[in-house]
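See structure below.
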Amino acid sequence: MASKEPHRVELLQGTLDLIVLRALSTMGPQHAYALTERLAQVADHSFTLNQGTLYPALVRLEQKGWIKGTWDKTESNRDAKFYAITKAGLKALEQQTARWRRLASLVDKLLLNES
Amino acid sequence: MGSPARFVRRLINAVRPRRVEPDLAREVAAHLALLEDDFQRRGLTPDEARLAARRAFGGVELTKDRHRDARSFVWLDDARRDLLYAFRTLRRAPGFAIAIVLTLAVGIGANTALFSVLDGVVLKPLAYPDADRIVTVLNRWTDTGVTIPRLTGADEMDVSASPGIFEAFAYYNGGEMGVQLGDHAEFASTRLVHPDFFRVFGVMPAAGRIFTREDAQRAAVVGAEFARRNFGTERGAIGRTVFVEDRAYDVVGVMPALMRFPSNTEVWLADALDPSNRNRSGHNYRVVAKLAPGKSIESANAQLAALATQLGRAFPDTNGRKSFLVTPLRDSLVSNVRSMLFIIMAAVGLVLLIACANVANLMLAHAAGRSREVAVRAALGATRRHIVGQLFAESLVLALAAGASGLLLARTLTDTLLNVGSRYVPLPRLDDVHMDWRVLLFTAAASVITAVGFGLMPALQLSRANAGDALNQNGARGSVGAGSSRMRNGLVIVQIALSYMLAINAGLFLRSFVTLTETPLGFRTESILVAYAHVPARGSIFDGKGVENYVRVGQRFDDLFSRLRALRGVTAVSGAMGLPTGQYDSDGSYAVEGKHVFGGDFRRLPQAGFRLSAPRYFATMGIPLVRGREFNDGDLYDRPYVAIISESLARQSFGSDDPIGHRLMCGLDQPDKWMTIVGVVGDVRQASPASRPGPELYMPLRQHPYAANEVQIVMRTSLPPESFIGAVEQTVRAVSPDIALKFTTMEASVGDSIAAPRFRMTLVTTFAAIALLLAVAGMYAVMSYVTSQRTSEFGLRAALGAAASDLVRLVLRDAVWLVVIGSGAGIGLAVATSRIVATMLFEVAPVDAWTYSAVLAVAIPLVILAAVMPALRAARVDPMIALRCE
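For the protein sequence lines, the chains are Y and R, in the order given.
The first sequence lines up with residues 141 to 255 when you count with the numbering used here.
The second sequence lines up with residues 1309 to 2194 when you count with the numbering used here.
Rendered as structure tokens:
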């Protein structure tokens, strides 16, 4: 069924979840399009987020109960599904951030020592 | 990642995706709309914006797929979709679905039921501990190889005394007897057994104990059901007394329901340690024994063969050509029904085979008919896994439905078989029969594999083939080559051949059965009530004691007959011991005065059936008196002995001479008295309508008192015989409450005697009918498929001026060919199997031309007719529509 994906800059496993959660916690409820734009902005357009990656991540997060999607109107009066971070999501963000920091500093340290 | 909550949600989504899917579509659409807005703001035209938005978003379907992937389990989702699709497809072709499900259900159900019975009766070991060591000993004539399941009393003693062979050894004899219980009497299956009898079986009593050697001629063990019926509880039976032949037996034990050996025995009486009849010519004692641990049947037989040789030298007259044969008890129990059950099993197996062929054919035709659909799906990007998965789902839905219906059918059939079977056929071990799950699994697996296998095979072929090829083959509509059409035709021929063979054999059984029911029996059966009556009497024929008791019993019976004659509506009354088709049988050798000496090797003497009868017996039974006179009230114990012979016996011993006045002697009870022949009567079929009329020797009941305390009273009535049961019972009770009674009618008795052929005939005919139906369905399926493939060709022919009848002929020609080849093979198979069924036929040749033609005269048009409907449909097709199919 699904054909092979072309190669692109890949996010580390789990980091997309973290980024989405972070974006939602700072910016409040967002729809998928706005999230894409926001991520592109933050990343300074160094990578484009494929929708084929974002949507599954949203489903994953929603099923875990970390975000919740509700239908609403955009400023331009279009229907869109707005995702908001939940309490459980905030807690998970905290844990995931701490975990990420630990991991990142570990990797940093390793890279420094080896050079 | 794998939180349980998410797992549950994914599962739910896999099963019920309805809400999620439109939501996703809406979300994607919104996303695209927002993108479009953006692009328009940047100055693109709406059309350009839409395109740009699409491009920016990437693959919409891919995203949706990924979404689905994340929100549920792909394979589960696929399976669900395939199943739904399968249901929908099958709903569109309900005839096909029903045909397959029914075909498989019959195959599964009938096989499971039949095999369960076969397994329970024939294959499973007996339900006793160490059942493989339980054996019986047969008497075997070394010159003819014929075996008798009974030993003489003296031989029994010698065999049981052989050292080292048996751990326990017991003789038994008896049958239905009157058992007196103080205030009433009851006919019960009763056996006189050696006290070691229960040690052979090792069954623990439900209450009390088994026999010890001290119990000889004093104690009884009864069945649990008998105990409850007559004493309230099992425990309550212990210490009570039952009387048989005026001898008191104290009940010391109660057997659980599983112990009924032999043939539903309810009362076991401890007999003497040695048989009372100790001669070497009367084969009166059956034997059960348990082999010593580690003793093989072969070495037991070798040891007994040596014993037989010794005895042969010592007693050349009686034992010169005699040997003994140790056989597993199970084998001897089922030897009568074994061949019949295997034949029935073979019939069912054939039905399963035909069912599988049918299913294969239907699946082939169905799947091939959809080759275009599959090709289109493949062209639109469905992967092979998807296509196969979907066809697999379809086959699976069918198979599961068939499995469920098959299970249902198997349960019902097993119960029915047991009910019918126990009523009509003396299947010896019905208690051991349960529906067998292994068999169910086996047959279900066989049918499901067929269904799925053949459902998938074309799918694999098709999905492997280039989709373009399939699409381009417009004329042929599907890439179905000569190979698969040969296969389909072959399957139809196999079905026709097997079902015709079954039908021919069923026809033979049917004809044989009809002949059986129409055979003149030599006596009348209508309006005759039969009462089995037993009056206890004490004494032994072997020491001549108690004869006056027995003579008195004879008087009581005569008294009873005259009371019964006085009943209104009863036109004639008599009695006999050894009524045709009844439960008692006796035969042996006789000597004619001046021709033979009664003694020495009895097997050199002529043989006859021995019957006892009261005065007016032949008139009551409608057996014609050919010469001489009937027995009369003057033929008593102290008068000159007389006998009446059947025409067969007259021919056998006297040829064309007049037998009246000649004298005979036989070993019934008084081997020292000559009996004068006073009459000749017509021949009867004694055991059943299937038995040949043979030599019969009739003697007066009153002159042979030892054999005459159990009598079958026959009453000719002017109203339905059953309506007299109450009145007869009252009359008998008034004479004495200790007379045990049991009723039947002559018609029922004759009916019971041909129960086995009736059962066999019914089953085989049923299976043949099912097989024929399946063959018809198979032919229909194939012809429907072939004609649908050729729709455009027919349209063209019609457009070019072919008449409808030409088109029908075109289709039928193929069908006729299949039937011709199939029936040829079917006849061949029937002839090949005729030797097996020959032994079960009555006065019908196994290759009976009349039956063969009659069956084929019905079966051939039936199967050809199945091809007519598709042919007509093809002929009616509108040429324009047919051509547009291109």
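For every residue, glycine included, the Cβ atom is placed at its ideal position computed from N, Cα and C.
Query                                                                                                                      : Result
Contact with chain R by L223(Y), beta-carbon distance below 7 Å                                                            : Residue identity differs from the one stated: residue 223(Y) is Tyr in this sequence, not Leu. No, its Cβ sits nowhere closer than 7 Å to a Cβ of chain R.
Check whether V1559(R) and R1548(R) have beta carbons under 7 Å apart                                                      : yes
CB-CB length for L1658(R) against A2079(R), believed under 8 Å                                                             : 7 Å
As assigned by DSSP and simplified to three states, the class of E1938(R)                                                  : coil
Contacting residues, own chain, Cβ-Cβ under 6 Å from P1734(R) (five flanking each side not counted)                        : Because P1734(R) carries a pLDDT of 49, less than 50, the predicted location of this residue cannot be relied on, and no value is offered for it.
Uninterrupted beta strand (DSSP E) stretches inside the region 2109 to 2169 of chain R (no shorter than 3 residues)        : none
7 Å CB neighbourhood of V2166(R) in its chain, flanking five on each side removed                                          : none
Residue-chain proximity (F1335(R), chain Y), Cβ-Cβ < 7 Å                                                                   : Rather than Phe, the amino acid found at residue 1335(R) in this sequence is Glu. True, the Cβ-Cβ gap to chain Y drops below 7 Å.
Coil, strand or helix - H1339(R) by DSSP                                                                                   : helix
Cβ of A232(Y) within 7 Å of any chain R Cβ                                                                                 : no
Beta-carbon proximity of L2195(R) to T2039(R), cut-off 7 Å                                                                 : The displayed coordinates of chain R run from 1309 to 2194. Any statement about residue 2195(R) would go beyond what the structure contains.
Whole-angstrom distance between V1316(R) and G1761(R), CA atom to CA atom                                                  : 34 Å
Interface flag, D212(Y) vs chain R, CB-CB below 7 Å                                                                        : no
Neighbour flag for A1775(R) against chain Y, beta carbons, 7 Å                                                             : Note that A1775(R) scores a pLDDT of 46, beneath 50, so its modelled location is shaky and nothing firm can be said.
Whole-number beta carbon distance between A1759(R) and V1667(R), since they are thought to touch under 8 Å                 : 5 Å
Beta-carbon separation (whole angstroms), A1922(R) vs L2009(R), contact threshold 8 Å                                      : 5 Å
Short Cβ contact (7 Å threshold) for A1337(R) with R218(Y)                                                                 : no
Amino acids of chain R, ordered along the chain, whose beta-carbon sits closer than 8 Å to that of A238(Y)                 : The contacting residues do not exist; A238(Y) stays about 17 Å from chain R at best.
Residue closest to T1520(R), alpha-carbon to alpha-carbon, out of A1998(R), T1444(R), V1501(R) and G1987(R)                : V1501(R)
Nearest-angstrom Cα separation, counted from V1905(R) out to S1897(R)                                                      : 11 Å
Below-7 Å beta-carbon distance, A1357(R) vs any chain Y residue                                                            : no
When Q1698(R), A1995(R), L1875(R) and Q1915(R) are compared against Y1892(R), the one with the closest alpha-carbon        : A1995(R)
Buried/exposed call for R1993(R), threshold 16 Cβ in 10 Å                                                                  : buried
Reduced DSSP secondary structure (H/G/I, E/B, other) of L1816(R)                                                           : helix
Span separating the alpha-carbon of G1602(R) from that of P1636(R)                                                         : 15 Å
Under 7 Å from the C-beta of P196(Y): neighbouring residues of chain R                                                     : R1374, H1375, D1377 and A1378
L2005(R) versus G1917(R): straight-line alpha-carbon distance, rounded                                                     : 6 Å
Within chain R, the residues that R200(Y) reaches when beta carbons sit closer than 9 Å                                    : M1309, R1314, A1378 and R1379
Sub-7 Å separation of T1452(R) and R1588(R) beta-carbons                                                                   : no
Residues near S2195(R) in its chain [Cβ-Cβ closer than 6 Å; skip 5 each side]                                              : One cannot answer for residue 2195(R) here, as it falls past the ends of chain R, which runs 1309 to 2194.
C-beta atoms of G1830(R) and D1991(R) nearer than 7 Å                                                                      : yes
E2101(R), DSSP secondary structure in three states                                                                         : helix
Alpha helix (DSSP H) runs contained entirely in the region 1434 to 1496 of chain R, provided each spans 4 or more residues : 1461 to 1468
Per-residue contacts from Q235(Y) into chain R (C-beta, under 9 Å)                                                         : The premise fails here: Q235(Y) is roughly 13 Å from chain R at the closest Cβ pair, so nothing lies under 9 Å.
Integer Cβ distance of S1964(R) from V1900(R), believed to fall under 8 Å                                                  : Actually they are not in contact, since the Cβ atoms of S1964(R) and V1900(R) sit about 15 Å apart, beyond 8 Å.
Range of the contiguous alpha helix (DSSP H) that encloses M167(Y)                                                         : T155 to M167
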